Each structure stands twice: as C-alpha cells, then as structure tokens.
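Asks: In the numbering used here, each residue carries its 1-based index in the sequence shown increased by 1. Built from N, CA and C at the ideal position, the CB exists for glycine as well. Owing to the predicted nature of the structure, the values given are computational and were not obtained by experimental measurement.
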Amino acid sequence: MLVHLLRFLGVTPRVAGKTGKREAAWLVFASAVGLTIAAMIFGSEMVSAMTAVLVVIWPTALALLGAAYKLEFDKVQSQIDAASPPGWPADIAPPEGWQDEGQT
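(1) Go to G21, then tell me how far its alpha helix (DSSP H) extends in each direction, as first and last residue.
(2) Counting Cβ pairs, one atom from each stretch, are 3 or more of them under 8 Å apart for the stretch 67-76 and the stretch 39-59?
(3) Any heavy atom of the ligand ZN inside 7 Å of the beta-carbon of L55?
(4) From T52 to L63, what does the alpha carbon distance come to, in whole angstroms?
(5) Hey, out of K22, M41, A33, whose CA is closest to V57's CA?
(6) With a cut-off of 8 Å on the beta carbons, I'd call L28 and L55 a contact; round off their distance for me.
(7) Since L66 and F30 should fall inside the 8 Å C-beta cutoff, what is the C-beta to C-beta distance between them, to a whole number of angstroms?
(8) Go ahead and pull the three-state DSSP assignment for G44.
(9) Which value, in whole angstroms, describes the spacing of the CA atoms of K76 and A26?
(10) Excluding sequence positions up to five away, which residues of its chain have a Cβ less than 7 Å from the Cβ of K22?
Spelled out as structure tokens, the structure:
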C-alpha cells in the first residue's frame, strides 16, 4: 500500500519491475528524522515521552535501508554472475578463445 501511495505522489517510478523498496525505506528514515526533530522542538518532556517509539523506529529505519540496498546489490551481482563464464569469478577475464557451450 505504501508503494502505491508513493507512486501516486510521484516518488516511485511507474515502470514495471520497480517496486519502490528504496523509496519506502527512505520514507521511513525521513519519518524517524521528522519525529526526532519534532520531539526536540517540543522540549525534553516530549523527548522522554517519545523515547520508546524512537528506540523502535530508528533501528527499523536503518534495517529497512540496509535491506533495500542489499536487495539491489544482490540483483546486480546476479546479473554479473550470469554474464561471466561458469567457473570464473566476475572480476577475472576469461581466457582468450573461450566460447560458451551454446556458441560454436
């Protein structure tokens, strides 16, 4: 539901295959920052009242950011692995004259 809201607001692209995980994670992070700043503006009483909420929101926001970027990294890594010859690491060039089994 959050992804649809972000698409409606124009934050997330409407392209197929784009789910808006990173944008949603940044929105949760921005919410945590906003709540922290609002608590500081309202004074020490509000900071002490919101401490329990912020203790939950901050690790969640950071975990969501890490997970979103980890998923993107895994996606790119799988594309690199699919393009490299079998048995060869992605950062080492295949030997000269190497041909795939499908090529003759």
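Replies: Let me spell this out:
(1) Start at 1 with the first residue of the sequence shown, and residue 21 comes out as number 20. Careful: G21 lies outside any alpha helix (DSSP H) and carries neither H nor E.
(2) At 8 Å Cβ cutoff, the stretches do not touch.
(3) The ligand ZN is not part of this structure, which contains no ligands at all.
(4) As a working mapping, residue 52 is identified with position 51 in the sequence shown. As a working mapping, residue 63 is identified with position 62 in the sequence shown. About 17 Å.
(5) Walking along the sequence shown from the start, residue 57 turns up at place 56. For the residues K22, M41, A33, the minimum Cα distance to V57 belongs to A33.
(6) Reading the sequence shown from its first residue, position 27 is the one you call residue 28. Reading the sequence shown from its first residue, position 54 is the one you call residue 55. Going by Cβ atoms, the distance from L28 to L55 rounds to 17 Å, so no, they are not a contact pair.
(7) The residue given as residue 66 occupies position 65 in the sequence shown. The residue given as residue 30 occupies position 29 in the sequence shown. The Cβ separation is near 6 Å, so the contact holds.
(8) By 1-based counting over the sequence shown, the position of residue 44 is 43. Coil.
(9) Walking along the sequence shown from the start, residue 76 turns up at place 75. Walking along the sequence shown from the start, residue 26 turns up at place 25. As the crow flies, the alpha-carbon of K76 is around 17 Å from that of A26.
(10) Here the question's residue 22 lines up with position 21 in the sequence shown. These residues qualify, in order along the chain: A69, L72.
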